[in-house]
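Asks: Position 91 (the sequence shown) corresponds to 83 in this note's numbering; numbering is contiguous. For glycine and all other residues, C-beta sits at the position ideal for the given N, C-alpha and C. In this text, all values refer to a predicted model and were calculated from it rather than measured experimentally.
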Amino acid sequence: MSDSQPPPKDSFEERLSQVYIHHQNGRHAEAESIYRELIAEQPEIWQLHFNLGLLFFEQLRYEEALTCYLDGLAINEDCFDLLYNTAICQKELERFEDAITSYTKALSLEPEDIDCRYNLAGCYLSAGKDQESITAYTELLDCQPVHIPSLNNLAYLFHKSGNSTNARDLYQRILK
-7 MSDSQPPPKD SFEERLSQVY IHHQNGRHAE AESIYRELIA EQPEIWQLHF NLGLLFFEQL
53 RYEEALTCYL DGLAINEDCF DLLYNTAICQ KELERFEDAI TSYTKALSLE PEDIDCRYNL
113 AGCYLSAGKD QESITAYTEL LDCQPVHIPS LNNLAYLFHK SGNSTNARDL YQRILK
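1) Using the rule of at least 16 other Cβ atoms within 10 Å of the residue's Cβ for burial, across every protein chain shown, is V138 buried or exposed?
2) Where K121 and F49 are concerned, what is the direct C-alpha to C-alpha distance, given to the nearest angstrom?
3) Do A169 and N158 have their C-beta atoms closer together than 8 Å?
4) So for Q51, helix, strand or coil by DSSP?
5) Is it true that the CB of H14 sits closer than 8 Å to the CB of I26?
6) Look at the alpha carbon of Y12 and the alpha carbon of K97, and state the distance between them as a whole number of angstroms.
7) Please state whether DSSP places A128 in a helix, a strand or coil.
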């Protein structure tokens, strides 16, 4: 090899190993650079978009994370993890209607997921849709009767709506 030739490029698999190490060790700039390089070479691998989205999310770069998750969904539209993380970003960006749509689609894939149900109810609450929030918290509690945050939020919603009997019953459940 002559001095004028660039060094050989590491294989895709070697760079994939490197990017995970950089990501895990908080070397964000290095990880981002390698993720972008890998995506440019293999744009059809949805997991690369997902992982770059995670990197951005960890840095509170929600708009960029959302773009990555949406790019991943363009490849794999029925991926629960992509839908869930898309919804989280949308919620962080206060795009509650979009988040509700994403959480709802995610729940169609994994209807028993408690975190998804809880976040959906919270989006309804943040969007000012109290009745939908009550329904979502109630459905969650049907699946997991002692989910304390849901009991508390549902009690609050009942209290707010003037239904003190249901609110008191829920507060008593929390105390047990």
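Replies: Well, looking at it:
1) exposed
2) Approximately 27 Å, taken between the alpha carbons.
3) As shown, the chain starts at -7 and ends at 168. That puts residue 169 outside it, with no answer to give.
4) coil
5) yes
6) 29 Å
7) helix
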